[in-house]
Amino acid sequence: MDRKEFLSVFGTGAVALVCSYCFGSCKQQDNPISAPTNVDFTLDLTNSAYAALRTNGGYVYNGGVIVARTTGGAYVAVSQACTHQGTTLIYDPGGNQFYCQAHGSTFATNGSVTRGPASSPLTSYKTTLTGNSLRVYS
């Protein structure tokens, strides 16, 4: 085998390998991310660790849950891992949605998918505010 033939064969194989990896990862299905179950915790909103929840658009993480205060002032809580590949979500107050920075999936405040590649909803939790105590529970 001469040099030109070797490079041709090697180049074709390398291109095929790279393409299969790229196209394969684009089709990757949702990972079975296990959302926290039996959730029941209370956040003291006077605690500086939860100061972000005193402002509309703020959010915090606690025990695998992202708790946010929507632009309208409501408290919402969903599982913090994107159902596509498990990336930690952020709350986007401009869109009033949860957003995955890895691949662009978005979720409504109730956890439903509004844009993929994620196809499975987030687990949603109940919230109850009593004075300065915010209870998050299943």
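Residues 1144 to 1281 (this note's numbering) make up the sequence shown, in order.
From the three backbone atoms N, C-alpha and C, an ideal C-beta is built for every residue, glycine too.
Since the structure is predicted, the reported quantities are computational estimates derived from the model, not experimental observations.
- Buried or exposed for Arg1212, please, with buried defined as at least 16 other CB atoms from any protein chain shown within 10 angstroms of its CB. Counted from its first residue, the sequence shown places residue 1212 at position 69. Result: buried.
- Message: I'd like to confirm the pairing. Which residues does DSSP put opposite Leu1272 in its beta bridges?
- Response: Here the question's residue 1272 lines up with position 129 in the sequence shown. According to DSSP, which records beta bridges pairwise, Leu1272 is partnered with Leu1277.
- Task: Give the straight-line distance between the Cα atoms of His1227 and Tyr1204, rounded to the nearest whole angstrom.
- Result: Locating residue 1227 in the sequence shown gives position 84, where the first residue counts as 1. Locating residue 1204 in the sequence shown gives position 61, where the first residue counts as 1. Each residue's Cα considered, the two are about 19 Å apart.
- Message: Closer than 8 Å is the cut-off here; do at least three beta carbon pairs connect the segment 1184–1199 with the segment 1243–1253?
- Response: no
- Task: Would you give the residue range spanned by the beta strand (DSSP E) that Gln1240 belongs to?
- Result: For the purposes of this step, residue 1240 is taken as the residue at position 97 of the sequence shown. Run containing Gln1240: 1240–1242, per the beta strand (DSSP E) assignment.
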